[in-house]
Amino acid sequence: MAAFIPDLERLVFAARSDAPLADSPTHGEQHWRAVARTGVEIKHADRLVSGRVLFLFALLHDARRFTTEPDPEHGPRAASLAVELREKAWFSLDDKRMALLVEACQLHDTGAVSDEPTIGACYDSDRLQLVRMGITPDAAFLSRPVSRVPSFMAKVASFHDQAHSWGDLRRELTEH
Numbered sequence: 040m041a042a043f044i045p046d047l048e049r050l051v052f053a054a055r056s057d058a059p060l061a062d063s064p065t066h067g068e069q070h071w072r073a074v075a076r077t078g079v080e081i082k083h084a085d086r087l088v089s090g091r092v093l094f095l096f097a098l099l100h101d102a103r104r105f106t107t108e109p110d111p112e113h114g115p116r117a118a119s120l121a122v123e124l125r126e127k128a129w130f131s132l133d134d135k136r137m138a139l140l141v142e143a144c145q146l147h148d149t150g151a152v153s154d155e156p157t158i159g160a161c162y163d164s165d166r167l168q169l170v171r172m173g174i175t176p177d178a179a180f181l182s183r184p185v186s187r188v189p190s191f192m193a194k195v196a197s198f199h200d201q202a203h204s205w206g207d208l209r210r211e212l213t214e215h
């Protein structure tokens, strides 16, 4: 079986390479890492969640966002990027998990919630980081039970201001 991510540095480079907002504090790599760290916490509380999908979602969901203003096509562009990178074998996911990743990327900014554990965790990992913009997440738009717990929401709110390495995040999301 092929490695999940044969070359992590190359994959991160690919995500950043055409990401106009890669250095943006609100939609760039700092945010992507905070989303991944939030995903770690959700996965620890919810074993039904695919850590591999969460990791890739965190890395890719805003990688093709072109503006800090509303950009309704950035989700579909992120989904297309995921398909392209899988076709190039920069990561390996089975078809079921790939479908989850594509759906999560496509719809993450629509306000949708999901009963599917992994998709819901992806949405929540992003929405729980709205605090970076001074927005308190609305529990009505959170999918997973743990995400609605006030103490959990408070815990993950600080992740945007912390340093998180991609290697550690991958390990925590895929090896536990």
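Oh and the sequence shown: position 2 is 41 in our numbering, straight run, nothing missing.
C-beta: ideal position from N, C-alpha, C; glycine also.
Just so we're clear, the structure is a prediction, and the values are computed from it rather than from any experiment.
Q: Please confirm if the stretch 181–198 is in contact with the stretch 73–86, defined as three or more CB-CB distances below 8 Å between the two stretches.
A: yes
Q.
Quick check: the Cα distance between L50 and D177, rounded to an integer number of angstroms?
A. 32 Å
Q.
Would R166 and T65 qualify as a contact pair, given that the criterion is a beta-carbon distance under 8 Å?
A. no
Q | Three-pair Cβ contact test at 8 Å for the stretch 89–108 versus the stretch 69–78 | A | yes
Q: Return the CA-CA distance between G173 and R183, expressed in angstroms with no decimal places.
A: 22 Å
Q) Would P45 be called buried (16 or more neighbouring beta carbons within 10 Å of its own) or exposed? A) exposed
Q: Please report how far the alpha carbon of M40 lies from the alpha carbon of S197, in whole angstroms.
A: Because M40 carries a pLDDT of 41, less than 50, the predicted location of this residue cannot be relied on, and the following value inherits that uncertainty. Roughly 37 Å between the two C-alpha positions.
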